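K.L.:
Mapped onto my numbering, the consecutive letters of the sequence shown carry residue numbers 12 to 264.
Cβ atoms here follow ideal geometry from the backbone N, Cα and C, with glycine treated the same way.
Since we're looking at a predicted model, the values are computed, not measured.
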Amino acid sequence: MNDCCDVCHGPLPESSDRYACHSCAERLRAMLAELPRQLPLLRSLLRPDGGPAQRGGTGRAHSPMPVRLDVLDLLGPGHVVTLADPDGDQTDGVPIDPLVYGWARYIAQQHPAVSRDRHGTIQVRPCDGPRSRRGTDVAAWCSWLIAYVPYICRQPWAADMLDQLEQLLRQIRDKTGDRPGRTVRDAPCPRCEGFALVSVGGDPYVRCEACSLALAPDEYAEYAAKVLPSLTALAVRLALNGQAETAEHRIPA
Ligand SMILES: [Zn+2]
Ligand SMILES: [Zn+2]
Numbered sequence: 012m013n014d015c016c017d018v019c020h021g022p023l024p025e026s027s028d029r030y031a032c033h034s035c036a037e038r039l040r041a042m043l044a045e046l047p048r049q050l051p052l053l054r055s056l057l058r059p060d061g062g063p064a065q066r067g068g069t070g071r072a073h074s075p076m077p078v079r080l081d082v083l084d085l086l087g088p089g090h091v092v093t094l095a096d097p098d099g100d101q102t103d104g105v106p107i108d109p110l111v112y113g114w115a116r117y118i119a120q121q122h123p124a125v126s127r128d129r130h131g132t133i134q135v136r137p138c139d140g141p142r143s144r145r146g147t148d149v150a151a152w153c154s155w156l157i158a159y160v161p162y163i164c165r166q167p168w169a170a171d172m173l174d175q176l177e178q179l180l181r182q183i184r185d186k187t188g189d190r191p192g193r194t195v196r197d198a199p200c201p202r203c204e205g206f207a208l209v210s211v212g213g214d215p216y217v218r219c220e221a222c223s224l225a226l227a228p229d230e231y232a233e234y235a236a237k238v239l240p241s242l243t244a245l246a247v248r249l250a251l252n253g254q255a256e257t258a259e260h261r262i263p264a
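1) Which same chain residues end up closer than 7 Å to Pro167 when comparing Cβ atoms and leaving out the 5 residues on each side of it in sequence?
2) Check each candidate in Ala246, Asp148 and Val247 and name the one with the smallest Cα separation from Gly87.
3) Going along the chain, which residues of its own chain have a beta-carbon closer than 7 Å to the beta-carbon of Cys220, five neighbours each way excluded?
4) How long is the line joining the alpha carbons of Arg165 and Ala36, rounded to whole angstroms?
5) So for Pro191, helix, strand or coil by DSSP?
6) Quick check on the burial criterion: 16 or more other C-beta atoms within 10 angstroms. Buried or exposed for Asp17?
7) Under a three-way DSSP split, which group does Leu226 fall into?
8) Looking at the strands, I want to know which residues DSSP matches up with Gln134.
9) In the DSSP assignment, the beta strand (DSSP E) including Ser55 goes from what residue to what residue?
10) Pick out every residue whose C-beta is nearer than 7 Å to a heavy atom of ligand 2: which are they, in chain order?
11) So is the beta-carbon of Gly131 under 7 Å away from any non-hydrogen atom of ligand 1?
12) Taking the alpha-carbon of Gly140 as reference, which of His122, Arg127 and Arg193 has the nearest alpha-carbon?
13) Within the same chain, show all residues whose beta-carbon is closer than 8 Å to that of Ala44, passing over the 5 residues directly before and after it, in chain order.
14) Of the choices Asp229, Ala225 and Ala250, whose alpha-carbon is the least far from that of Ser34?
15) Tell me which residue opens and which closes the beta strand (DSSP E) that Arg218 is part of.
16) What does DSSP give as the partner residue(s) for Val209 in the beta ladder?
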C-alpha cells in the first residue's frame, strides 16, 4: 500500500491500492485526449515552407530536405525498446504511435486470455495484444488507454507512463505552439499561500504551480467562496488607502 502518489507525491487515502492519485488520473486523461488533437497540427509542419524563389541567390550545395526530420521523428514508426537505464534518462525519442501502442500492448499482455482448445481444455495465456473497434491509429489507442486509466493508476509503472507522455507532449507543443489554455485563479494556494493556482484546459483539477497541490473543482469552489470575500475586501481597503495617500501628497504644503 502506498502513502503518497508516485507522480505528484500528494497524499493517498489510507490503505489505498493506488500508485497515482485521482488528480493525476485526470491529468493522464487530459494528456491522452490532447495527443490526437495535436496530430493534424504536427502533420501540417512536416513539409518545410519552401518560401518564394530568390533571384540572385547564392544557391545551395544540396537540395533542401523534403520533410522536417524533427517532426518526422515524432510522427514516424519506431519501436519501444527497453534499455538498461541506470540514470533514468532514456525516455526521450519514442515517436507518438509506438509510444501509445506500446503501452496499450503492454497493458493487454498483463491480462490473461482464456480460450478452449479443440479437446475442450481451457487454456489461459497472456493476451496477444490490444484490440480497438475504433481502429489502429493514435486516436484509437489513446481512447483505449483512457478506458484503462483506473487500472493504470493502480500499477507501479503509472508514474513512468505519465512521465513519458508528458515529455512527448512537451516536444509536440514546442513544435506546434499549441498549448492548452491556462487560467490563473484568484485565490491563493491553501497549502503554500502562493498565488500560483491555475486551471489548464482539459484538466478539471485546479493545480498549484509552486507546490503541486491539486484541488478538485468542488474543493476549489468551496475554498474560494470562503477566502475570496475577505481578500477582496482587503484589496478594496488597500486601494482606497492608496488613493487617500496620493490625494494627501497632491495637497500643496
Ligand atoms: Zn498524484
Ligand atoms: Zn501551493
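P.N.:
The relevant details are as follows:
1) The beta carbon of Pro167 sits closer than 7 Å to those of Tyr30, all from its chain and outside the five residues before and after it, given in chain order.
2) It is Asp148 whose Cα lies nearest to the Cα of Gly87.
3) Note on residue identity: the sequence assigns Glu, not Cys, to residue 220. In its chain, beyond the 5 residues on either side, Ala207 and Val209 have a beta carbon closer than 7 Å to the beta carbon of Glu220.
4) About 10 Å.
5) In this structure, Pro191 counts as coil in the three-state DSSP scheme.
6) When all chains shown are included, Asp17 counts as buried.
7) If DSSP states are grouped into helix, strand and coil, Leu226 belongs with the strands.
8) Note: Gln134 sits in a beta bridge opposite Ser126.
9) The continuous stretches of beta strand (DSSP E) do not include Ser55, which lies in the alpha helix (DSSP H) extending over residues His33 to Ser55.
10) Chain-ordered list of matching residues: Cys200, Arg202, Cys203, Gly205, Ala207, Cys219, Ala221, Cys222 and Leu224.
11) No, ligand 1 has no heavy atom inside 7 Å of this Cβ.
12) Comparing Cα-Cα distances from Gly140 to each of His122, Arg127 and Arg193, the minimum goes to His122.
13) Contacts found: Cys153, Ile157 and Gly213.
14) Looking at the Cα atoms, Ala225 is the closest of the given residues.
15) For Arg218, the uninterrupted beta strand (DSSP E) run begins and ends at Val217 to Cys219, by DSSP.
16) For Val209, the pairing in a beta bridge is given by DSSP as Val195 and Arg218.
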